[in-house]
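Have a look at the structure below before the remarks.
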Amino acid sequence: MADKKIILTGDRPTGKLHIGHYVGSLKRRVELQNSGLYDKTFVFIADAQALTDNIDNPEKVRQNVIEVALDYLACGLDPAKSTIFIQSQIPELCELSFYYMDLVTVSRLQRNPTVKTEIQMRNFETSIPVGFFTYPISQAADITAFKATTVPAGEDQEPMIEQAREIVRRFNHIYGETLVEPEILLPTNAVCLRLPGTDGKAKMSKSLGNCIYLSDPADVVEKKIKSMYTDPTHIKVSDPGKLEGNTVFTYLDAFSRPEHFERYLPDYPNLDELKAHYTRGGLGDMKVKKFLAAIMQEELTPIRERRKEFEKDIPAVYEMLRKGCEAARETASATLDEVRKAMKINYFDDAELIAEQAKRFAQE
Ligand code: ATP
Ligand code: MG
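Residue numbers for the sequence shown follow our numbering, so the first one is 915 and each next one is one higher.
Structural data, given as structure tokens:
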């Protein structure tokens, strides 16, 4: 069992998925799913987690569950190979979180850098919902319930995986070897660790409104790229341009491949030459943006088209999710049985305990 390789990842249904999700995790998941190297792949829609900071907006979360499911299918997640499920439908996860809460201190949670930034971003200040504050614990439950070994995710998830590993170690130390320590699988391309938004802000994020969505129509993608943040001091074409913080070049680092140059920009042999020309001066933003737009359309068109197909049969998508939830529940429930046993709270299925106590009381 310990040498099984199991993937688990998820997304919050707070919006449609964007190209940051795609390069940070989604694309990798599809490759791993198809690689045949893993025994199981679990992918879930974290609706309960999304509610921790959207408690007054349940309709938003509800509507986005199907959007995320459609994005999954459009990108090539295949329910025949991956178990796709909705977090709230697996009550075993809540029970696990409840036990794990005793293995983590408040100060440990307060030190989590991602939670810190997210609290600032949401202007919670002193009114942080307890559920939001403790979501790293609930994430540990999501991961360990499926005995996941591998979590393909962006850089912002590193502190969450570390927290999950600590919980596993503490649990196994106290209660005996039960849970599996997960490992994060980060994108190999450094710019994909945390793709910036079209506004140049540090992270493309549904909550910041700086996204190119996988389902954006072609003309919207075009428009978003045309108004993207570049180098504000690069005014005339002849001006030398800066590459640091220049989002258009960051996206080219993430998406361009040598064959794109042959196809759409044959004047340049590769990205290094394009960058060199931009830095020297004499290369306009528009030309670079047009190139990026061509690449993005090539990547996004098949996804958009597949999504359109799946959109035609929404009940079938829900049926796929229902089956996924059933299968996921079976696995989570088996883990929970082991956890209860390890924690000595499995009273009714421990005949030995009952017999031994009966004997003891009879002797007294
Ligand atoms: P929210 O703002 O609601 O938190 P989000 O856009 O941050 O939404 P999540 O659902 O929190 O998206 O993240 C899902 C997965 O996508 C995680 O693995 C995360 O690391 C990855 N991810 C999200 N945004 C980016 C990004 N800009 N670059 C790389 N990976 C990302
Ligand atoms: Mg997030």
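No residue lacks a Cβ here, since even glycine has one placed at the ideal position from N, Cα and C.
Remember, it's a predicted structure, so these values are computed and weren't measured experimentally.
Collapsed DSSP secondary structure at residue i in the structure displayed
i: K1255; result: helix
i: P927; result: coil
i: T1161; result: helix
i: H1174; result: helix
i: M915; result: Annotation note: pLDDT 49 at M915 (below 50); position unreliable, coordinate value reported separately. In this structure, M915 counts as coil in the three-state DSSP scheme.
i: H932; result: strand
i: V957; result: strand
i: Y1127; result: strand
i: L1267; result: helix
i: I1149; result: coil
i: F1038; result: coil
i: R976; result: helix
i: T1031; result: helix
i: L922; result: strand
i: I1000; result: strand
i: G950; result: coil
i: K995; result: coil
i: K1137; result: helix
i: M1015; result: helix
i: D970; result: coil
i: Y1143; result: coil
i: Y986; result: helix
i: R943; result: helix
i: R1025; result: coil
i: A1132; result: helix
i: D1167; result: helix
i: E1278; result: coil
i: G938; result: helix
i: F1262; result: helix
i: K1156; result: coil
Proximity to residue i [Cα-Cα], best of the options
i: Y1192; options: E1158, T1215, R1220; result: E1158
i: L1171; options: L1188, R1243, G1155; result: For clarity, residue 1171 is Arg in the given sequence; the question names Leu instead. Of the listed residues, the one whose Cα sits closest to R1171 is L1188.
i: P1066; options: T1031, S1041, C1106; result: C1106
i: T1147; options: K1140, N1160, L1179; result: N1160
i: T1102; options: H1087, E1069, Q1003, A1116; result: E1069
i: A1168; options: T966, T928, G938, L1179; result: G938
i: M1257; options: L1093, C1239, L1197, E1225; result: L1093
i: I980; options: Q1071, G929, E1136, T1040; result: G929
i: S1052; options: L1128, R1108, Q1211, T966; result: T966
i: K1237; options: R943, Q963, I1004; result: I1004
i: R1221; options: G924, P927, L931; result: L931
i: F956; options: N1124, A1062, R1194; result: A1062
i: I959; options: D992, K974, D970, S1002; result: S1002
i: K1137; options: M1200, D992, L1250, N1026; result: M1200
i: L940; options: L984, E973, N971, R976; result: L984
i: K1203; options: G934, T1112, F1038, A1059; result: T1112
i: T1215; options: L946, E1072, A988; result: A988
i: S1011; options: Q1277, R1177, T1048, L1099; result: T1048
i: L1166; options: E973, K1150, V1151, M1142; result: M1142
i: S1129; options: E1233, E1266, I933; result: I933
i: A1054; options: V1082, D917, K1117; result: V1082
i: E1072; options: A1190, L1099, D1153, Y1127; result: L1099
i: E1097; options: N1124, R1084, I1057; result: I1057
i: A994; options: V944, E1213, G1114; result: V944
i: F1085; options: E973, F1275, D1263, L1250; result: L1250
i: V1162; options: R1254, R1194, P1110, L1267; result: P1110
i: F1205; options: D1263, D953, P1180, P1229; result: P1180
Heavy atom of the ligand ATP within 6 Å of residue i beta-carbon
i: S1119; result: yes
i: R1108; result: yes
i: D1145; result: no
i: G855; result: Within the shown structure, residues of the chain are numbered from 915 to 1278, placing residue 855 beyond reach of any answer.
i: D1070; result: yes
i: A988; result: no
i: S939; result: yes
i: D925; result: yes
i: A1168; result: no
i: A983; result: no
i: T928; result: yes
i: A1067; result: yes
i: G934; result: yes
Runs of alpha helix (DSSP H) wholly within the region 1185-1260 (minimum 4 residues, chain order): 1185-1194, 1199-1225, 1228-1256
Beta strand (DSSP E) segments (min. 3 residues) lying fully within the region 1050-1122: 1064-1066, 1097-1099
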